[in-house]
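Undergrad: Questions regarding the structure given below will be posed in turn.
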Amino acid sequence: MEHAPQEADPAEGRGAGAGRARRYAAGGGLLVVVAALAYWLGGGGGSGEEAAPRPTPTPTPSASLTVPDVFERVGPSVVVIRSGDSLGTGVIAAEDGTILTAYHVVKGAAGDGGADVTVTFADGTKAKAAVASSAPERDVATLKPAKLPEIVVPATLGGGVEVGAPVVAIGNPLGLTYSVSTGVVSGLNRTTGGAVKGSDLKGLIQFDASVNPGSSGGPLLDARGLVVGVVVSIADPGGDEAFAGIAFAVPIGAALGDEGDDNPTGAI
3 MEHAPQEADP AEGRGAGAGR ARRYAAGGGL LVVVAALAYW LGGGGGSGEE
53 AAPRPTPTPT PSASLTVPDV FERVGPSVVV IRSGDSLGTG VIAAEDGTIL
103 TAYHVVKGAA GDGGADVTVT FADGTKAKAA VASSAPERDV ATLKPAKLPE
153 IVVPATLGGG VEVGAPVVAI GNPLGLTYSV STGVVSGLNR TTGGAVKGSD
203 LKGLIQFDAS VNPGSSGGPL LDARGLVVGV VVSIADPGGD EAFAGIAFAV
253 PIGAALGDEG DDNPTGAI
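Its first residue numbered 3, the sequence shown is counted upward by one per residue in the numbering used here.
Dropping the structure here:
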């Protein structure tokens, strides 16, 4: 007896189709997982290392310092100088403790039998000092201390400046040790002849940071804390040695003998 062919159960067909769909979906999901895993492993995630971050621009740090930063950096290099009745300032300019100052501060000690020179370092160390070299025509001199502090901190000697640039002066005006004043470069290549009675220095930096007698020989610093000049004079129209808003410094190049051939008098 022939049997009639059985009709396919629609539900069974749907079940088989659904099974195939589930297998395809599972297979597709597996591919996604494998791809993600490969990406993760390729990025270093599977090796225990973090994936390298994308490079980002690094801001260029400003070379300028705040005034407190300048003082913190250079203050340990500044010294108080006493020579007879003369009070002045100096700055350590080399690892061996050589001090750069203004010649007129130690003028009385330059010859045989001259006044003793005493320097006081920032840590309180006191020592006698001898005039190692002098250039009266530029109003600069160097001193060699007989004793050095435990830690010698030489300043960094800088380069040139431009009109309008900020400057910092550190000195001992009127005996007020380690005083700081700020201002700007007011002019370049100045001559003191018309501003300081009896003086004829040339090629100077004019600035308006406050300085007074006792500041001479101190460093004039730029915004990076570099010594760009040696303070030597103030304009003194009233003849009373009072600051009138105009001061002068020998550029560091000239102070080191690179240029200049002038004869200074009447400095602070």
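Where a beta carbon is used, it is the ideal one built from N, C-alpha and C, also for glycine. Computed from a predicted model, the values in this text were never measured in an experiment.
1. I need the boundaries of the beta strand (DSSP E) containing residue 207, first residue and last residue.
2. In three-state DSSP terms, what is residue 226?
3. I'd like to know whether the C-beta atoms of residue 2 and residue 169 end up nearer to each other than 7 Å.
4. Sort out for me which residues DSSP pairs residue 146 with in a bridge.
5. Under three-state DSSP, which class holds residue 140?
6. Could you give the distance in angstroms between the alpha-carbon of residue 71 and the alpha-carbon of residue 226?
7. Give the single residue among 100, 76, 80 whose Cα lies nearest to the Cα of residue 122.
8. Alpha carbon to alpha carbon, how far is residue 194 from residue 204? Give it in angstroms, no decimals.
9. Would you call the region 128 to 142 in contact with the region 159 to 178, where contact means no fewer than 3 C-beta pairs closer than 8 Å?
10. Tell me the residue span of the alpha helix (DSSP H) that contains residue 248.
11. By Cβ distance, which residues of its chain are closer than 8 Å to residue 75, with the 5 residues on each side in sequence left out?
12. Count the other C-beta atoms from every protein chain shown that fall within 10 angstroms of the C-beta of residue 282, then say buried if there are 16 or more, exposed otherwise.
13. Taking the alpha carbon of residue 254 as the point to measure from, which residue in 236, 232, 186 has its own alpha carbon closest?
14. For residue 173, which beta-bridge partners are listed by DSSP?
TA: Taking the coordinates as given:
1. Start at 1 with the first residue of the sequence shown, and residue 207 comes out as number 205. Unbroken beta strand (DSSP E) run through residue 207: 206 to 209.
2. The residue labelled residue 226 in the question sits at position 224 within the sequence shown. Three-state result, residue 226: coil.
3. Because the chain is modelled from 3 through 270, residue 2 falls outside the range shown and cannot be assessed.
4. For this step, residue 146 is matched to residue 144 along the sequence shown. Answer by DSSP bridge pairing, in chain order: 132.
5. Here the question's residue 140 lines up with position 138 in the sequence shown. DSSP places residue 140 in coil when its eight states are reduced to three.
6. Along the sequence shown, one-based indexing puts residue 71 at 69. Along the sequence shown, one-based indexing puts residue 226 at 224. Answer to the nearest angstrom: the Cα atoms are 9 Å apart.
7. In the sequence shown, counting from the first residue as 1, residue 122 sits at position 120. For residue 122, the nearest C-alpha among the options comes from 80.
8. Taking the sequence shown and counting its residues from 1, one reaches residue 204 at position 202. Taking the sequence shown and counting its residues from 1, one reaches residue 194 at position 192. Between residue 204 and residue 194, the C-alpha separation is close to 7 Å.
9. no
10. Counting from one through the sequence shown, the residue named residue 248 turns up at place 246. Neither: residue 248 is in no alpha helix (DSSP H) and is coded neither H nor E.
11. Locating residue 75 in the sequence shown gives position 73, where the first residue counts as 1. The residues are 67, 227.
12. Nothing about residue 282 can be reported from this structure: the residues present for the chain run from 3 to 270 only.
13. Start at 1 with the first residue of the sequence shown, and residue 254 comes out as number 252. Comparing Cα-Cα distances from residue 254 to each of 236, 232, 186, the minimum goes to 232.
14. Reading the sequence shown from its first residue, position 171 is the one you call residue 173. Answer is 181.
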